[in-house]
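Shown next, in structure tokens, is the structure this report addresses.
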Amino acid sequence: MTLLSLRLSRALAQGRLRPAKADRASMLLALLRKRAAAHNVGARDLEAMLRDQIRWSLPLMTGTAAGDQPAKRLHRG
């Protein structure tokens with residue numbers, strides 16, 4: 001490999017975007033954007049599917065409104 005191609009390869013590697021973290025907030029944001037796009041184009045089936053995914057991805061709390069019990073994830077059938 002020549003010096004020029006080595007420099008070009010390094011420059012390309014440094015210029016690439018780093019993958020975003022896949023945390024709950026970013027996943028929810030992506031789902032909300034996709035649902036909005038599906039709504040805008042009138043894709044009702046896709047929008048309904050995305051709504052279900054959004055509902056499923058939201059954290060659920062058990063207990064009273066005061067939150068005196070620790071959060072638990074409830075499985076939805």
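Counted the way the numbering used here counts, the sequence shown spans residues 1 to 77. Yeah, the Cβ is synthetic: ideal placement off N, Cα and C, and Gly gets one too.
In this chain, the alpha helix (DSSP H) harbouring Ala11 covers Leu3 to Gly15. Setting aside the 5 residues that flank it on each side, Arg10 has no residue in the same chain whose C-beta is closer than 6 Å to its C-beta. Rounded to the nearest whole angstrom, the CA to CA distance from Lys34 to Thr2 is 45 Å. Contact annotation, Leu29 with Ser57: C-beta distance approximately 11 Å; criterion of less than 8 Å not satisfied. Counting the other Cβ atoms within 10 Å of the Cβ of Leu6 gives fewer than 16, which makes it exposed.
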